[in-house]
Amino acid sequence: MATLSQPLPARDEPRRPNIATADIQLPAVRDYEQVDREIVGTLHPTVAWFIGLGIAVMFLLIGIAAWMYQIYSGLGVAGYNPPVMWGVYIISFVFWVGIGHAGTLISAILYLFRAGFRTTIYRCAEAMTVFAVMTAGLFPVLHLGRPWKFFWLIPYPNWRYIWPQFKSPLVWDVFAILTYLTVSSTFLYIGLIPDIAVLRDRENISPIRKRIFSVLSLGWRNTDREWRHFARAYLFLAAFSTPLVLSVHSVVSFDFAMALTPGWHTTIFPPYFVAGAIFSGIGMVFTIIIPLRKFFGLKHYVTINHLDAAAKLCLFTSLVVGCAYMTEWFVAWFSGNEFEQSFFANRIWGQWWWASAILYTCNMVLPLSLFSQRLRRNASWLFILSFTVNIGMWFERFVIVVPSLSHEFEPWQWTSYRPTWVDYAILAGSFGWFSMWFMLFIKQLPIIAIAEVKEIIRPKLRIQHAHGMTPAGEHFDFEPETPGEHD
Amino acid sequence: MSTEQEASPIPGTAANGVKRREFLKVLGVGTAATTMLGCASEKVEKLIPYLVSPDQTVPGVSTYYATTCRECSVACGLIAETRDGRTIKLEGNPDHPVNRGALCARGQASLQGLYNPDRYRGPMVRRNGQLQSLTWDEALQIFAQKLGETRSRGAASAVFINQHESGSFPGFLDAWLAGFGMPAHLSYDAGADHAAIAANRQSYGVAWPRLDFRAARLVVSIGADFLDGWGAMVPQQLDFADARADHERAPRLIYVGPRRSLTGLNADQWIDCRPGSEMSIVRMLGGQLTSQQASQATGVAATVLDGFAREFAATKPSMVLAGGGGADGLEVALAANALNQSQGNVGVTIKPNEGYLGFDRMASPAELRALAERMNSGGVSLLMVRGANPAFTLPKSAGFAAAMAKVPFKVSFSSYPDETSEMADLVLPDHHSLEQWGDAEPVRGTISLQQPTMDPVFDTRATSDVLIAAAKKDPGSAARYPMADYRSWLISRFPGGAAGLAAALPRGIASGSLGEPTTARPVPPVRAATPIEQSSGNMYLVVYSHPFIGDGRGANKPWLQEIPDPVTKICWQTVAEMNPVTAEKMGLANGDLVAVQTSAGSLTLPVLRYPGTQRDTVAIATGRGHTHAGRYAKAGFNPLEILPVAEDRAGGVAFVSTKASVSKAGGYAQIVTTEGSARQHGRGIGQAIAIADLRAGRPGEDPGASHVAEAPQQSGSEQGAGEPAEEMPGDAPHQFLPGLRSPVANDAQGEQGDPKSKDKGMYDPNHWSGMAKRRWAMTVDLARCTGCAACVSACYAENNIPTVGADWQTGKVLPDRTGFGANILRSREMAWIRIERYYEGGEDGGADFDARFVPMMCQHCGNAPCEPVCPVYATYHSPDGLNVQVYNRCVGTRYCSNNCPYKVRYFNWFGYGEPARPQYAFPEPLNWQLNPDVTVRGKGVMEKCTFCVQRIREAENRATAEKRVLKPDEFTTACAASCPSRAIVFGDAADENWTVTQLAKDARAYHVFEELNTFTAVVYLKKVNHPTPAAAGTA
Amino acid sequence: MRGVLGAFRELDAAVSAIEALKKGKLGAIHVFTPTPRHELEHVLDPGPSPVRKYTLIGGLCGVTFGYWIAIWTSDYWPLVVGGKPIASWVPYTIFGFEVMVLIGALSTVAGLFINARIPRLTMMVGYDPRFSHGDYGIWVECPPDKARTAEDLLREHGAVEVRLER
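Listed in order, the protein sequences are those of chains A, B and C.
Here numbering that gives the first Met the number 0 is used: the first residue of the first sequence is 0, the next is one more, and so on.
Here numbering that gives the first Met the number 0 is used: the first residue of the second sequence is 0, the next is one more, and so on.
Here numbering that gives the first Met the number 0 is used: the first residue of the third sequence is 0, the next is one more, and so on.
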């Protein structure tokens, strides 16, 4: 049995097949002080971090430059090829919104379901959500022909009484995205308050940081009264976020489902998009959390069991998405609708076969590997897989947007699509923007919820048992514990 | 300013698409003397170019002038709409006997000649190798002095080449030349079919008889492209469309030739004979050859020829037309005319006494070739050229340019730079035809008047006035030219003098004749072609005249470059057309570069697989590939560079006279076309019905059936009743009237809308505006439409549509795509109305395919899919049924376009209207042409066809001002107004008295994509097919 | 503001101390804890949190406003698009829902702030940074005369440190 000060090395972690996600424990986290020490310890900037931040900012600048050029010259510098009137920007918009779904899913839905494995990864996921939505929100603006008029989509009082056209899915988007951004960032901040209080009390290097933290912590004092209302509020926020998550991507899918374009005009889009969003979100969570737990030495917080559990969720959503694909094919064939059929033929075997191939491989085939427990518990494989998932999901949106528009009702207007460097630069810029925020986040605020970790580890007691671990039960008793299988 | 005095507008501000009644109104009205002032280039910066506005020129109100189109030899009548002293739109003159209100694409584009940014700004003289500008006085001094020298050194060595025209100017010019002792001028038109003209003279005694298609039962066109500019195009198209519209008595059109031109695509049957073998077809029809012999000569199946011969023998009256520019053109034409005579067609279908005079006294290319030889031998001391461009339009091997360089002094009167005038030593730029006085005699006994419609754009002068001025400077001829200018000379000869002219000007035509009777010119010894079979090469070379750009005159007009060729749908590019089967054999895909080599030279250009090309043939269009005709004319190649000089007996250029060796050159150039898929995959966009079905009242090709996946196999047209209708989910029953009206009415009356909503505003039929009582709609009769794209050019002119294809419009911003047509390659063309050309049948590359032309514009759906998706109400439904686009509310989400099934919305990718940008589409002074009633759309907004809403509102306002209701058919849209086939009809479908309402009730009526329940306001009338009798019902 | 503050290392110690203090009726008890523990909640057993009311009211206001803005603006300037009803309530449900979530969530936060008395500018007397670290604190609000008893109680239940605040 390891000492309290030394975290257990990862290889010593118990290999329990199909561990119930509810009772994932942190065997190597012994007491509250250790939590503070180790997590607050991650907050000190390193050279590597500065380099990473620099790269992110560089990409962002490239994107900004490209956008300024596009605003000056006109949207024509992007690779639009009418009637393919939407391209990389809308694709990336949907992509980022999708990414933005895992966070709230993990923090809210899994919270309601009492899934234990969320505790140590939800902060990360939630931050990812907020930044992803911030990124997504840019695209609808920069794909406009006249971006400086974007505010016409927002209902603001004006003396001409000109309001947005509330029947347009794009206005639905505005409401859904803005609501989602507000609620998820609120959710993130509320969850952060107690942890910021911890930082406020632990910070002993820079008085400025201490000052900032005391302001941000809103004078949080860990009193029973605060905790009581906090728990309530948190529960209701979760209860609100849960349907919100489902609604947001449904609304995004309406952008397509409400149009009569072949390949868009289908009723399965909302569930299909939500599943896809969660799928891609989990993918992105892996992409982010797996390096973090390595570099921040947090493998005993984000254990392989956590990854395992998340991988199962990933597998499930991948199966849902795959099912949706097949439904699409079936309906296209079954409907007997010539437009639909010829469009699907063109999508799968025609000019866009390569995009579809990437999509189906990444989203349907590769995730099946997660049926194997060995791979599920192999962090490096999950990391690789997370990349293919992200690529696959980007191409899913590509396959939805571009081939549909390029092969519509009017054969005379069948065309192709080829992005230009401007599209790519702005896409790269969006990644820069996202990573910049994330980089800043991970060194300023704890990526693991300190208070919640404290909640699930065993409290210090007057009576110490021979083998220490007590699962944090609903009821506390002084009876000796039967030893867990952890050690 | 002398030329501008007393230009006589039609009093009052007549309607758009001026109608007969306006003229009746104004007939008796004497004209008031007008002075058009103040829109010369230095004044245009003023918001309103008048301090004191002259009579009849009210700022913001159009004035209409009747004048004459001089884009080709036919001389159609024009109504020029002039606003604030600038001519902004041309319409056909409804009273004119030739074009009867219609106007072709070239006529429309004449405005871009007037405002061409590359026009000569003023007189220029060549000093040490460079053309430098000088004042008119100096220029005239030099000119007069040269004339003096020439006269002293033997005036016989002077030559004047004039762009061919009818009317009194040629006579005036000859008299002037005679005054200096110079020979009569050469009147040159490279576009004319000299063989046909000569043959007509010989057989009928006139250069160009009237072709009365309505009287014919069968029309056989042997390479005679009477819809692509062969002869009197507009009147021929009018007659042809009328004939075809009368389905029962409509003539079948059989096209014989190696390449299916626009005329060929309008034919019911195509006999794809080998180039140069037309004669044997004619002989077969004449019975001198059996079908087997003919079959061997032409490579066409004997059975087909058999049926052809039998049908021809059986059908009377018929009409045989021969063109095609073969080396034996004259013989073929004569034989064809002989057939007409033997069939008794002359006077019935071919009417010499109603002939067109536009083709008289033409000098043949042979004469110019002979001239080139004379110039080579130094036999010419002074060369004067006006309008014509022989250096470009003659085969390069004729060596005209080289010879011209040897002439000591060359004077050009051309308005624009071109290959000929760029070699001149003295340039005395002529007015554009819309800036000067003149007259034409299109038909016997009718004077078509030409008057200035505006102040000259640049410091140019009418050549006629220059000649007079020069004569005044010459002691010898000064006496004979007392008159101040050409106009007064005209008046002096005009019946009734000044008063008569003034009275005639409002109508633009007068009876009488100013030109003197003309005779055919003698043809110099021609250079006969070596028999085509003996020339070396693996394929026949067919050089044909581009329908818009013609012999190259149109190349400097961006509209004509951008509007896709009606047949190949190519713009800004010259391609080598080959039959798909042949191309397949040679392993050539669209865009692969091939080298086309003849004895005269070689040309490397991309291949286009065009099923309408005979299998052993490669076809190339003339007109593009200029070197000195301005910024727009650089696009493409000029096939005349590789055409060996050869003439038919009539002295015309033999365009089909040699073989060429065609070989893969390696490399690739993307085809600049607006075509997506050339097949409609049975989607029933362009529908057709066989005449038999129409008679029997059968539905014919069934739109429902055309939506099942395996539809593409059915070549539709020929196959009778087709299979039973397949009901699709959501199929709407036919709902024309009142279905046409219902969606809007429903919205207004709350059947589809919200019954409880109290305030429906203007959607309420009881609203004082009464807007909801109207439903603007349009019918397009595919049985009339020939696909000539005149409507497209009219739309460009009326609605300020930018052209986007010039290379500098993308070169800077799309690094991956440069060169002419780069924007088109990304299908960013802006044409609000486009002509979709779909093939039916003939997938095997055979000759038995059918083409359908579908003009596609915004359908103004009653339930428009584009509207509910717009987040900012930038597009919504007006109470009178228009699908409105609000440019300055548009933020450019482009969702509307995504949701438009017809794909008729166009996005402003660049600032086409911003002068500072490379994409600027209207370089000064092209922007003078912009219609003040229509916004120039800004960067980043969506635009589309508005049903010419500016014309609708203008008419409504006029009616309100005159305290009356709109009269049925009182006005129409730009496309409908200019359509030379009368295929487009516009009006209020909610009112029984409008023509459109009646047409929409036709049995052939259908909506495109009706099953989408969009309730379109555009009703198409099915094309009517006249299948080959033998193969009727099968095929 | 006066009273006695006891700091505890162990949870069970704190719990038993609270029980004792409650029995002694020495005054209002505030507990500082690094993380919410059900044990403490049980022993203190407070009433239900009123935050739920804020949530409910906020949500109701939101849904009403969402529907209203969409319907009112449509009817204010009726323009027909695509033959759809001027005010089509079905799609407007989206606005009802989204705005409900938005206002509801924000008012929940307001509820939290109001009830938990945050943000506050000053630390309450007796707070010690260690209470966000690992230790539990019990603050008994009592007059000086009872302070002694409270102190003893805390000590005997194992308080590592007891401070008398005044």
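Think of the CB as a built atom: it goes at the ideal place given N, C-alpha and C, for glycine as much as any other residue.
Since this is a predicted model, take the numbers as computed values, not measurements.
If you draw a 10 Å sphere on the C-beta of R682 (chain B), you find 16 or more other C-beta atoms in it, and that means buried. Listed in chain order, the positions of the stretch 183 to 217 of chain B with a beta carbon within less than 7 Å of a beta carbon of chain C would be empty, since no residue qualifies. Using a Cβ-Cβ cut-off of 8 Å, V80 (chain C) counts as an interface residue toward chain B, since at least one Cβ of chain B sits closer than that to its own. Burial check for F397 (chain A): the Cβ neighbour count within 10 Å reaches 16 or more, so the residue is buried.
Residues of the same chain with a CB within less than 6 Å of the CB of V76 (chain A), apart from the 5 flanking positions on each side, are Q69 and V421 in chain order.
Partner residues in the beta bridge of K88 (chain B), as assigned by DSSP, are B:E80.
With a threshold of 8 Å between beta carbons, W67 (chain C) makes no contact with chain A. Using a Cβ-Cβ cut-off of 8 Å, E407 (chain A) counts as an interface residue toward chain B, since at least one Cβ of chain B sits closer than that to its own. A Cβ-Cβ contact shorter than 8 Å links A16 (chain C) with I137 (chain C). The shortest CA-to-CA distance from A308 (chain B) to any of B:A321, B:I280, B:V331 and B:A335 is the one to B:I280. Look at the stretch 326 to 341 of chain A: the residues with a C-beta under 9 Å from a C-beta of chain B are S334, G335, N336, E337, F338, Q340 and S341. Distance from the Cα of H248 (chain A) is smallest, within the candidate group A:Y271, A:W432, A:K148 and A:G53, for A:Y271. By alpha-carbon distance to L925 (chain B), the top candidate from B:R105, B:L110 and B:Y837 is B:L110. In the DSSP secondary-structure assignment, H299 (chain A) is not bridged to any residue. Here the C-alpha atom of H132 (chain C) lies approximately 12 Å from the C-alpha atom of I195 (chain A). Bounds of any beta strand (DSSP E) do not take in I446 (chain A), whose DSSP letter is neither H nor E. When the alpha-carbon of L217 (chain A) is set against those of A:T103, A:P242, A:F165 and A:G190, the nearest one is in A:G190.
Taking CB atoms only, P579 (chain B) has no neighbour in chain C less than 8 Å away.
When the five nearest sequence neighbours on each side are left out, the beta carbons in the same chain lying within less than 8 Å of the beta carbon of V34 (chain A) are those of V28, I449, V452, K453 and I456, in order along the chain.
Here the stretch 617 to 631 of chain B makes contact with the stretch 536 to 543 of chain B; the two share three or more CB pairs at distances below 8 Å. No Cβ-Cβ contact shorter than 8 Å links T63 (chain C) with F235 (chain A). Taking a cut-off of 8 Å on C-beta distances, the stretch 137 to 154 of chain C does not touch the stretch 258 to 265 of chain A, as fewer than three cross pairs fall below it. Remark: C-beta atoms of D223 (chain A) and H29 (chain C) approach each other more closely than 8 Å.
In the DSSP assignment, Y838 (chain B) forms a beta bridge with B:R678 and B:A850. Between R216 (chain B) and S317 (chain B), the beta carbon gap of about 6 Å places them in contact (Cβ cut-off 8 Å). When the beta-carbon positions are compared, G590 (chain B) and V606 (chain B) come within less than 8 Å of each other. Listed along chain C are R116, I117, P118, R119, L120, T121, M122 and M123, each with a C-beta nearer than 9 Å to that of G218 (chain A). With a cutoff of 8 Å on beta-carbon distance, G157 (chain C) and F7 (chain C) are scored as near each other.
When DSSP reads this structure, T657 (chain B) sits in a beta bridge with B:L540.
Within the model, the alpha-carbon separation for R119 (chain C) versus W219 (chain A) is close to 8 Å. Among the residues facing chain A, F64 (chain C) is not included, as its CB has no counterpart in that chain under 8 Å away.
Chain B has a Cβ within less than 8 Å of the Cβ of P77 (chain C). Note on geometry: alpha-carbon atoms of L781 (chain B) and A240 (chain B) lie some 10 Å from one another. Within the stretch 848 to 872 of chain B, contact with chain C at the beta-carbon level (separation under 9 Å) is assigned to C860, G861, N862, A863, P864, C865, E866, P867, V868, C869 and Y872. Annotation for A397 (chain B): no alpha helix (DSSP H) segment contains it, and DSSP assigns it neither H nor E. If you compare the alpha carbons of B:N92, B:V57, B:R486 and B:H95 with that of D83 (chain B), the shortest gap goes to B:V57.
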